[in-house]
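Engineer:
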Amino acid sequence: MDARSAAESRAQSRNGSAANAQSPGLQPHNSSSPGQSKVQQPKPQALPNRSGPSAILVSTRQKGNPILNHIKLVPWEYTETPADYVIGMTTCALFLSLKYHRLHPEYVYSRIRLLAGKFNLRIVLVMVDIPNHEEVLKELSKTSIVNNLTLILCWSAPEAAHYLELFKSSENAQPTAIRTQQAQSYKESLVEFVTTPRSINKSDAASLISTFGSLQNAVNAQPEQINSVPGWGEKKVQQWCNAVREDFRVESTKRPGFPGLRHKSNHQGLQVGHDGPKLMKTRKFYAPCWQRAARQQR
Numbered sequence: 001m002d003a004r005s006a007a008e009s010r011a012q013s014r015n016g017s018a019a020n021a022q023s024p025g026l027q028p029h030n031s032s033s034p035g036q037s038k039v040q041q042p043k044p045q046a047l048p049n050r051s052g053p054s055a056i057l058v059s060t061r062q063k064g065n066p067i068l069n070h071i072k073l074v075p076w077e078y079t080e081t082p083a084d085y086v087i088g089m090t091t092c093a094l095f096l097s098l099k100y101h102r103l104h105p106e107y108v109y110s111r112i113r114l115l116a117g118k119f120n121l122r123i124v125l126v127m128v129d130i131p132n133h134e135e136v137l138k139e140l141s142k143t144s145i146v147n148n149l150t151l152i153l154c155w156s157a158p159e160a161a162h163y164l165e166l167f168k169s170s171e172n173a174q175p176t177a178i179r180t181q182q183a184q185s186y187k188e189s190l191v192e193f194v195t196t197p198r199s200i201n202k203s204d205a206a207s208l209i210s211t212f213g214s215l216q217n218a219v220n221a222q223p224e225q226i227n228s229v230p231g232w233g234e235k236k237v238q239q240w241c242n243a244v245r246e247d248f249r250v251e252s253t254k255r256p257g258f259p260g261l262r263h264k265s266n267h268q269g270l271q272v273g274h275d276g277p278k279l280m281k282t283r284k285f286y287a288p289c290w291q292r293a294a295r296q297q298r
């Protein structure tokens, strides 16, 4: 028995040394037990792409400008730049005092030439500090149009600083803040259409649709019928009727009429002749009024 036990122990030691001699990278790694779930490693997240420095870059030419004392919401620093203020990767501003412009009218034109092709949005921030400024501003407006510049007027140093802060803080802003919200459903589109005339709100639109059942019935309804809708007064009824019965073409742009000619697509039932358009009283304005007008003339 002793010899047999010794042989078994030697065989086990040889198997263990052979297993240790193998490379650990070739062995399947199973650090967790069958009952435990596999640990999920966190994925690297992409950092936001900053489109420009966080500070307003101010030209050294602007040292001593009182505007700098009022820029407090965003940081700023001096740098060498052809513009007076760099407020974004594609936005810059030139500062111009009308008092200085009156003494040196060639200054702004030389500065504009230095900005050619360097920024997408080029602002001319004009300080209105002279009493008679109308003619000077007309000249600067023409220059801005020709050179693709944006002219912004300010009457004080805090106002000018506020414009610079506003442009810088809105550099990476999304356009959703100023984008119109589109209606997502038919009901929302219907309410948006009914509330187009002024003084008609959403509750008025709901009352109108619930009373007549459809938009077609509400459009074809007579003023006395609409006046019975809860919340609809004489002013709202008049605005609604004017909105749905008004001609698409402006009176000043209408073509002159010819004898015997009737406009088939006129939704008001307007009879066009020598003496201009006449409003025909029809129950439903979408009916072919031009046919009835022809029969009446016979």
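Be aware that the sequence shown starts at 1, since it is given in UniProt numbering, and climbs by one per residue. Idealized CB from N, CA, C, for every residue including glycine.
So what does residue 95 bridge to, in DSSP terms?
Structural biologist: The partner list for residue 95 (beta bridge, DSSP) reads 125.
Engineer: Check the C-beta distance from residue 154 over to residue 127 and give it rounded, since I have them as a contact under 8 Å.
Structural biologist: Yes, they are in contact, since the Cβ atoms of residue 154 and residue 127 sit about 6 Å apart, within 8 Å.
Engineer: Can you tell me whether residue 87 is helix, strand or coil according to DSSP?
Structural biologist: Correct three-state label for residue 87: coil.
Engineer: Please classify residue 59: does DSSP put it in a helix, a strand, or coil?
Structural biologist: Residue 59: strand per DSSP, three-state reduction.
Engineer: Here's the rule: buried if 16 or more other CB atoms are within 10 angstroms of the residue's CB, otherwise exposed. What is residue 191?
Structural biologist: So residue 191 counts as buried.
Engineer: Excluding the five sequence neighbours on either side, which residues of its own chain have a C-beta within less than 8 Å of the C-beta of residue 234, listed in chain order?
Structural biologist: Taken in chain order, the residues that qualify are 227.
Engineer: Can you grab the Cα-Cα spacing for the pair residue 220 / residue 245, in whole Å?
Structural biologist: Distance between the alpha carbons of residue 220 and residue 245: 9 Å.
Engineer: State the Cα-Cα distance for the pair residue 62 and residue 145, rounded to the nearest angstrom.
Structural biologist: Distance between the alpha carbons of residue 62 and residue 145 is about 25 Å.
Engineer: Buried or exposed for residue 130, going by 16 or more other Cβ atoms inside 10 Å?
Structural biologist: When all chains shown are included, residue 130 counts as exposed.
Engineer: Report yes or no: do the region 160-177 and the region 197-205 share at least 3 C-beta pairs separated by less than 8 Å?
Structural biologist: Result no; under three Cβ-Cβ pairs closer than 8 Å.
Engineer: Any heavy atom of the ligand GTP closer than 7 Å to the CB of residue 117?
Structural biologist: The model depicted lacks the ligand GTP and carries no ligand whatsoever.
Engineer: For the beta strand (DSSP E) containing residue 152, name the first residue and the last one.
Structural biologist: Segment 150-154, the beta strand (DSSP E) holding residue 152.
Engineer: Which same chain residues, not among the five before or five after residue 237, have their C-beta less than 6 Å away from its C-beta?
Structural biologist: For residue 237, where only same-chain residues beyond five positions count, the Cβ hits under 6 Å are 223, 226, 227.
Engineer: Do three or more CB pairs link the region 74-92 to the region 114-123 at distances below 8 Å?
Structural biologist: Yes, the region 74-92 is in contact with the region 114-123.
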